[in-house]
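Step one of this worksheet: look at the structure below.
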Amino acid sequence: MLDPNRHADPERWGLVPDAHVRDFFPEEDPVLARAIAAASRGRWRPAADAMRDTRGDWDRRARVTLALAREGARTDEWLISWRDEQPDEDLAVLDAAAWVLVAKAILGESDEQDHVDGFHRVLRRAERAARHAAELAPQDPTPWWTLVQIACGLSFDQARFAEIWHGLRCRAPRHRAAHEDALEYWAGQSSDVMLDFAANAGPALVLRAAFLLEDDDPVIWRTDLVTDAVERLLAEDELSNDDRGHLVLALYDHNRFTEVIDQFRALGNRADGAPWSRFEDPKGTFLEYRVNACRKAKLKL
């Protein structure tokens, strides 16, 4: 019998070496990388240039906004300087997104009342900032995406959420990041409503919904809805890395380890997307699933 530890080497399966796997690729967007580096030193103009260049490319704008908002939540001297010297619509969009991240940092893992109160207080400030940004940039879906996130945190009723969702959909009906965050909102209503929303949005969202629900529903990956979504995604010619990451989890749960390895082969060294980014150690989780899939696939030979 084969020793599972000796014969689980990912390179034997045509996968990249562990050392080549990364969860951060700043070289792919050098403009953004320079903007983040400059912001960390208190300089705002590269961030303004990066934001301005994303106007009209709403999915890229979402990625750039989130990355710069993380820096703004960490240190805001550059945002203050930008506001003092040349406030514009891009600053307003970014400012609202940064307040959401500040709120999440306040809450952290604590459910103590003072943390919850602070979380809600900052989210209400974020809502005012997002509404202001929406006025300054009426064609931009990004402030509406921010409002979707705020709706999750403040548990807006469905009528209020519907107004936000309409505003988003009018501007970018296929906005991927907003659909993903909307799953979080509907999860707060009920898992059935969440799955209905995901099913209407497409198979990729179904797998993301399953990932969000798996702690409370360990058999979610085996449901007909999820199984059908897996087959539909496998039949597609092109998949995003995020979709492949969720396919890894679904196929792994179904003991389809050779197909898991196929997805890892397509992912190459990319541990930077979903679902890995939701784990405390993205690269480590990626590698753990990968080596276990190789080990279990080898044992089935």
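Using the numbering used here, the first residue of the sequence shown is number 1315, and each one after it goes up by one. Even for Gly, the Cβ is constructed at its ideal location relative to N, Cα and C. The structure displayed is predicted, hence computed values, not measured ones.
**Q.** Assigned secondary structure, Arg-1584 (DSSP; H/G/I helix, E/B strand, else coil)
**A.** For the purposes of this step, residue 1584 is taken as residue 270 along the sequence shown, with counting starting at 1. Three-state result, Arg-1584: strand.
Q) In three-state terms, what does DSSP make of Arg-1336? A) The count along the sequence shown starts at 1 and reaches residue 1336 at position 22. Arg-1336 falls in the strand class under three-state DSSP.
Q.
Between Ser-1469 and Gly-1502, how many whole angstroms is the CB-CB distance? I'm expecting something under 8 Å.
A. Your numbering for residue 1469 matches position 155 in the sequence shown. Your numbering for residue 1502 matches position 188 in the sequence shown. Yes, they are in contact, since the Cβ atoms of Ser-1469 and Gly-1502 sit about 6 Å apart, within 8 Å.
**Q.** Chain-order list of residues whose beta-carbon lies under 7 Å from that of Phe-1600 (same chain, five-residue window excluded)
**A.** Translated into positions along the sequence shown, residue 1600 becomes position 286. Closer than 7 Å at the Cβ level, and outside the excluded window around Phe-1600, lie Val-1335, Ala-1585 and Trp-1590.
Q | Ala-1322 versus Leu-1461, Ile-1575 and Gly-1598, residue with shortest Cα-Cα distance | A | Residue 1322 sits at position 8 when you count from the first residue of the sequence shown. If we check each option's Cα against that of Ala-1322, Ile-1575 comes out closest.
Q. In chain order, which continuous runs of the beta strand (DSSP E) of length 3 or greater are located wholly inside the stretch 1526-1614?
A. none
Q: Classify Gln-1463 as helix, strand or coil using the three-state DSSP reduction.
A: Translated into the one-based positions of the sequence shown, residue 1463 becomes position 149. Residue state, collapsed to three classes: helix.
Q: Report the three-state DSSP secondary structure of Pro-1318 (helix, strand or coil).
A: To locate residue 1318, count along the sequence shown from 1; it is residue 4. Confidence at Pro-1318 is low in this model, with a pLDDT of 48, below 50, so the placement of that residue is unreliable and no value is reported for it.
Q) CA-CA distance, Asn-1636 and Glu-1325? A) Any property of residue 1636 remains undetermined from this structure, which presents the chain solely from 1315 to 1615.
Q | His-1489 (DSSP reduced to helix, strand or coil) | A | In the sequence shown, counting from the first residue as 1, residue 1489 sits at position 175. Of the three classes helix, strand and coil, the one that applies to His-1489 here is coil, per DSSP.
Q. Which term fits Thr-1379, buried or exposed, when burial requires 16 or more other beta carbons within 10 angstroms of its beta carbon?
A. Along the sequence shown, read from residue 1 onward, the residue named residue 1379 stands at position 65. Counting Cβ neighbours within 10 Å, Thr-1379 comes out buried, since at least 16 surround it.
Q: Could you tell me if Gln-1453 is buried or exposed, where buried requires 16 or more neighbouring beta carbons within 10 angstroms of its beta carbon?
A: Position 139 of the sequence shown, counting from 1, holds the residue named residue 1453. Gln-1453 is exposed by the Cβ-count criterion.
Q.
Suppose the cutoff is 7 Å on Cβ atoms and the five residues either side in sequence are ignored; what does the same chain contact list for His-1434 look like?
A. Locating residue 1434 in the sequence shown gives position 120, counting from the first residue. The answer, listed in chain order, is Leu-1468.
**Q.** Exposure of Cys-1466, with buried meaning 16 or more beta-carbon neighbours within 10 Å
**A.** Indexing the sequence shown from 1 puts residue 1466 at position 152. By the neighbour-count rule (16 or more Cβ atoms within 10 Å), Cys-1466 is buried.
Q: Pull up the CB-CB distance for Val-1520 and Leu-1539, whole angstroms please, since I reckon it's below 8 Å.
A: Locating residue 1520 in the sequence shown gives position 206, where the first residue counts as 1. Locating residue 1539 in the sequence shown gives position 225, where the first residue counts as 1. Sure, about 6 Å apart at Cβ, within 8 Å.
Q | Counted within 10 angstroms of its Cβ, other Cβ atoms place Arg-1442 as buried (16 or more) or exposed | A | Here the question's residue 1442 lines up with position 128 in the sequence shown. Exposed, because fewer than 16 other Cβ atoms sit within 10 Å of the Cβ of Arg-1442.
Q) Is it buried or exposed for Leu-1494, if we count other Cβ within 10 angstroms and need 16 for buried? A) To locate residue 1494, count along the sequence shown from 1; it is residue 180. Here the sequence assigns Glu to residue 1494, which means Leu is not the residue at that position. Buried, because 16 or more other Cβ atoms sit within 10 Å of the Cβ of Glu-1494.
Q | Beta-carbon proximity list for Leu-1482, same chain, < 7 Å, skipping 5 on both sides | A | As a working note, residue 1482 is residue 168 in the sequence shown. For Leu-1482, where only same-chain residues beyond five positions count, the Cβ hits under 7 Å are Pro-1455, Trp-1458, Trp-1459, Val-1462, His-1489 and Ala-1492.
Q.
Give the list of continuous alpha helix (DSSP H) stretches no shorter than 4 residues that lie fully inside the stretch 1368-1451.
A. 1372-1388, 1391-1399, 1403-1421 and 1427-1450
Q) Would you call Arg-1485 buried or exposed, if buried means 16 or more other Cβ atoms sit within 10 Å of its Cβ? A) Numbered from its first residue, the sequence shown carries residue 1485 at position 171. Arg-1485 should be labelled buried.
Q | Span separating the alpha-carbon of Ala-1518 from that of Trp-1413 | A | Here the question's residue 1518 lines up with position 204 in the sequence shown. Here the question's residue 1413 lines up with position 99 in the sequence shown. About 29 Å.
Q | the stretch 1333-1353 touching the stretch 1437-1451, judged by at least three CB pairs closer than 8 Å | A | no
Q.
Do Phe-1578 and Lys-1610 count as a contact pair if the criterion is CB distance below 8 Å?
A. Here the question's residue 1610 lines up with position 296 in the sequence shown. Here the question's residue 1578 lines up with position 264 in the sequence shown. Contact: no.
Q.
If you reduce the DSSP assignment to three classes, tell me which class Phe-1470 lands in.
A. Counting from one through the sequence shown, the residue named residue 1470 turns up at place 156. Coil at Phe-1470, not helix or strand.
**Q.** Close Cβ partners of Ala-1419 (< 8 Å) along its chain, the five nearest in sequence each way excluded
**A.** Locating residue 1419 in the sequence shown gives position 105, where the first residue counts as 1. Closer than 8 Å at Cβ, skipping near neighbours: Ala-1387.
Q | Three-state secondary structure (DSSP) of Trp-1500 | A | Counting from one through the sequence shown, the residue named residue 1500 turns up at place 186. Of the three classes helix, strand and coil, the one that applies to Trp-1500 here is helix, per DSSP.
Q. Count the other CB atoms within 10 Å of the CB of Thr-1368; is the residue buried (16 or more) or exposed (fewer)?
A. Position 54 of the sequence shown, counted from the first residue, corresponds to residue 1368. Buried.
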